[in-house]
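Each remark here refers to the structure printed beneath this line.
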C-alpha cells in the first residue's frame, strides 16, 4: 500500500467515524423518537375480555400497560402477569391503569379462554380478534410474533416480551423489559403516573 | 482498496460491535434466582437431580414449564433426550432465549448435553422441560411425577413440586 493510499485510507476511516458518530448521536435517536411517538397508533379493532373494543383510542382513557403473549406460553407470559401483580402490590396507583394482554395467537386464544387466563390478576383485560386485525395491531405496536411449528399440529410463538407503557393521552412513553429489575420497573411506572 | 470499500468494512465493524454490546446487555439480565428449594435429591447412576419443580399454571394455560438441576458426577458426557409424564400428552426438552426483545423457544431435537463433571441448570429464561396437552392444572403446593430419559443412563422418574405462579426472584435483586 503506497503512502498516498494509506493517507486516503486513514482519512476514509476518519470520515466513516464522523458519519457513524453523527448517526449514533443525532440521526438514529431522532428516528427512534419519531417512531416511538406512533407506537400503538393505527387502525385495528380487537375485542377485550371486558366486552369493550380494543382500538388505539383505548390507550387514551387512562395510563395503560400493553403486553403481548399467548396462553400456550410456559414461562414469559405467566412471569409477566406475575410481575404486574407485584407492581400493583407495590404501587396502588397502578391499579387504576388499563392493562391489556394482547394475544399473538388469536386462533387458539378465544375471548373465553383469555378471560380466565388473565383473570387472576385484577384489572388485566385479555385482547383477541381475527388474525387480520391482530396482525394490524402487531404492526401498530411494532411487535414481532412468529409461529414456530413443533410437529403434530402443535406450535409455539416467538414474540416480543416487553411491556409497553402509555400515558393518559395514549402516547407511548416507555417499555419495561422482560425480567426487568423490580425497583427499576416500579420506578418506570411511577414516572409514568407522576407519583 | 478504495474509500468505499473501507466505508463498508468500517460500517460492518461498527455494526458488529453494536450488536455484540447489545447481546451483552441481554445476557446480563438473566437472573432468576431459584436457590431455596434443594428438596428432592435423586441419584440416578452418575447423575444427581435436585430442585425439580414445575411452574403452577394459570387458568386455561395448557402447557407448563418445569425446571431442575442435573449434575453429572461421571466421566462420560450424558444427554437428556426426552421427558414424559402421565399428566401431559407431550413432553419435550426446550431452550428459551431472549434475542433482543423477542422470546424464542425451540425444541432441542438432539437433546441437552450434561457434560462429564459438570452441572446443568434448567431455569426460567433458559433450558426447561416443556409439558404440553396438560390433562390437569398444575396446582401450587402439589407434586407431580415425570420421567426423564437419558441416553446412556436410561429413564428415571422423579417428583416435581408445583410452585407459585409469580416468578421467584431474589428479594434484593437489583439487576446484578
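Protein chains in written order, with the numbering used here: chain A, 1 to 195; chain B, 1001 to 1176. Idealized CB from N, CA, C, for every residue including glycine.
Check: With H, G and I counted as helix, E and B as strand and the rest as coil, what does DSSP make of residue 12 of chain A?; Outcome: helix
Check: Looking at the structure shown, is residue 1127 of chain B part of a helix, part of a strand, or coil, going by DSSP?; Outcome: strand
Check: Is the segment 129-136 of chain A close to the segment 105-115 of chain A, with three or more CB pairs under 8 angstroms?; Outcome: yes
Check: For the segment 1050-1071 of chain B, enumerate the residues whose C-beta is nearer than 7 angstroms to any C-beta of chain A, in chain order.; Outcome: 1055, 1058, 1059, 1060, 1061, 1062, 1063, 1064, 1065
Check: Near residue 144 of chain A, what residues of its chain come up, given a Cβ to Cβ distance below 8 angstroms and the 5 sequence neighbours on each side ignored?; Outcome: 138, 158, 159, 160
Check: Going along the chain, which residues of the segment 1098-1126 of chain B sit with their C-beta nearer than 9 angstroms to a C-beta in chain A?; Outcome: 1098, 1099, 1100, 1101, 1102, 1103, 1104, 1105, 1106, 1107, 1124, 1125
Check: What is the DSSP secondary structure of residue 153 of chain A, reduced to helix, strand or coil?; Outcome: coil
Check: Within the same chain, show all residues whose beta-carbon is closer than 6 angstroms to that of residue 59 of chain A, passing over the 5 residues directly before and after it, in chain order.; Outcome: 40, 166, 170
Check: Give the straight-line distance between the Cα atoms of residue 1040 of chain B and residue 1121 of chain B, rounded to the nearest whole angstrom.; Outcome: 15 angstroms
Check: Alpha carbons only, please: which of A/9, A/18, A/21, A/45 is nearest the one belonging to residue 140 of chain A?; Outcome: A/45
Check: Leaving aside the five residues before and after residue 193 of chain A along the sequence, list all residues of the same chain whose C-beta is less than 8 angstroms from its C-beta, in chain order.; Outcome: 63, 91, 93, 94, 97
Check: Measure the alpha-carbon distance for residue 1065 of chain B versus residue 1115 of chain B and round it to whole angstroms.; Outcome: 23 angstroms
Check: Quick test of the definition: if touching needs 3 or more C-beta pairs under 8 angstroms, does the segment 171-180 of chain A touch the segment 1144-1162 of chain B?; Outcome: no
Check: Determine whether the Cβ of residue 76 of chain A lies closer than 8 angstroms to any Cβ atom of chain B.; Outcome: yes
Check: Measure the alpha-carbon distance for residue 190 of chain A versus residue 100 of chain A and round it to whole angstroms.; Outcome: 19 angstroms
Check: I want to verify the contact list: residues of chain A whose CB lies under 7 angstroms from the CB of residue 1130 of chain B, in sequence order.; Outcome: 74
Check: Output yes if chain A places a C-beta closer than 8 angstroms to the C-beta of residue 1096 of chain B; else output no.; Outcome: yes
Check: In whole angstroms, what separates the C-alpha of residue 1050 of chain B from that of residue 74 of chain A?; Outcome: 21 angstroms
Check: For a test of the three-state rule: what should DSSP assign to residue 192 of chain A, helix, strand or coil?; Outcome: helix
Check: So which residues of chain B does residue 119 of chain A contact, with C-beta pairs closer than 8 angstroms?; Outcome: 1059
Check: Just reading off the alpha helix (DSSP H) that residue 136 of chain A is part of, what are its end residues?; Outcome: 131-141
Check: Which one of A/13, A/127, A/122 has the shortest CA to CA distance from residue 89 of chain A?; Outcome: A/122
Check: Pair every Cβ in the segment 49-59 of chain A with every Cβ in the segment 146-153 of chain A, then say whether three or more of these pairs are closer than 8 angstroms.; Outcome: no
Check: Quick one: what's residue 1097 of chain B bridged to in DSSP?; Outcome: B/1104
Check: If you compare alpha carbons, which of B/1144, B/1119, B/1082 is closest to residue 1107 of chain B?; Outcome: B/1082
Check: Let's see if you can read the secondary structure: which residues bound the alpha helix (DSSP H) around residue 1114 of chain B?; Outcome: Here residue 1114 of chain B belongs to no alpha helix (DSSP H); instead the beta strand (DSSP E) covers 1112-1114.
Check: Which residues in chain B have a C-beta closer than 7 angstroms to the C-beta of residue 144 of chain A? List them in chain order.; Outcome: 1102
Check: Rounded to whole angstroms, how far is the Cβ of residue 117 of chain A from the Cβ of residue 1060 of chain B, which I believe are closer than 8 angstroms?; Outcome: 5 angstroms
Check: If you check the beta carbons only, do residue 1150 of chain B and residue 1068 of chain B fall under 8 angstroms apart?; Outcome: no
Check: Express the C-alpha separation of residue 1109 of chain B and residue 1126 of chain B in angstroms, rounding to a whole number.; Outcome: 16 angstroms
Check: Please determine, among B/1092, B/1077, B/1055, B/1062, the residue with the shortest C-alpha to C-alpha distance to residue 1047 of chain B.; Outcome: B/1077
Check: Unbroken beta strand (DSSP E) runs of length 3 or more, entirely within the segment 82-107 of chain A: which are they?; Outcome: 98-103
Check: Thinking C-beta only, is residue 185 of chain A closer than 8 angstroms to residue 83 of chain A?; Outcome: yes
Check: Can you find a CB in chain B that lies within less than 8 angstroms of the CB of residue 196 of chain A?; Outcome: Examination of residue 196 of chain A is not possible in this model, given that chain A is present from 1 through 195 alone.
Check: Is residue 191 of chain A close to the ligand GTP? I mean its beta-carbon at under 7 angstroms from any heavy atom of the ligand.; Outcome: Ligands are entirely absent from the displayed structure, and the ligand GTP is therefore not among its contents.
Check: Below 8 angstroms CB to CB, which residues in the same chain sit around residue 8 of chain A once its five sequence neighbours on both sides are set aside?; Outcome: none
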